[in-house]
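A.B. asks: Have a look at this one before I ask anything.
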Amino acid sequence: MTTQSASRYVARYPDILHGEPIIAEMITSVRAIGELWRLGIISEEILMHLPHLKLAQIFDALSF
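Numbering (the working numbering), first residue to last: 61 to 124.
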């Protein structure tokens, strides 16, 4: 499986979610994190919804 690193925590894998950006090795899409943010959920609360992530990963996804 070929990977294309987009940033420190965000990567794209052609075979996972059709190459959509995800948190590397977590299979949590950047889009899912962005949707929570758009709903008005702050990054610290996103951690409660996605407890397997670290705050740095969330910030990296939001900056992507």
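Note that the Cβ used here is the ideal one computed from N, Cα and C, for glycine as well.
Does the distance from the C-beta atom of residue 81 to that of residue 119 stay below 8 Å?
C.D. replies: Numbered from its first residue, the sequence shown carries residue 81 at position 21. Numbered from its first residue, the sequence shown carries residue 119 at position 59. No; because the gap between Cβ atoms is not below 8 Å, this pair is not in contact.
A.B. asks: Ordered along the chain, which non-local residues of its own chain (more than five positions away) have a Cβ less than 8 Å from that of residue 102?
C.D. replies: Along the sequence shown, read from residue 1 onward, the residue named residue 102 stands at position 42. For residue 102, where only same-chain residues beyond five positions count, there are no Cβ hits under 8 Å.
A.B. asks: Apart from the five residues just before and just after residue 77, which ones in its own chain have a Cβ nearer than 8 Å to its Cβ?
C.D. replies: If you number the sequence shown from 1, residue 77 lands on position 17. Taken in chain order, the residues that qualify are 87, 89.
A.B. asks: What's the call for residue 113, buried or exposed, on a 16-neighbour Cβ count within 10 Å?
C.D. replies: The count along the sequence shown starts at 1 and reaches residue 113 at position 53. By the 10 Å Cβ count, residue 113 comes out buried.
A.B. asks: In chain order, what residues of the same chain lie with their CB nearer than 7 Å to the CB of residue 96, ignoring the 5 residues before and after it?
C.D. replies: Position 36 of the sequence shown, counted from the first residue, corresponds to residue 96. Excluding positions up to five away in sequence, the list reads 106, 109.
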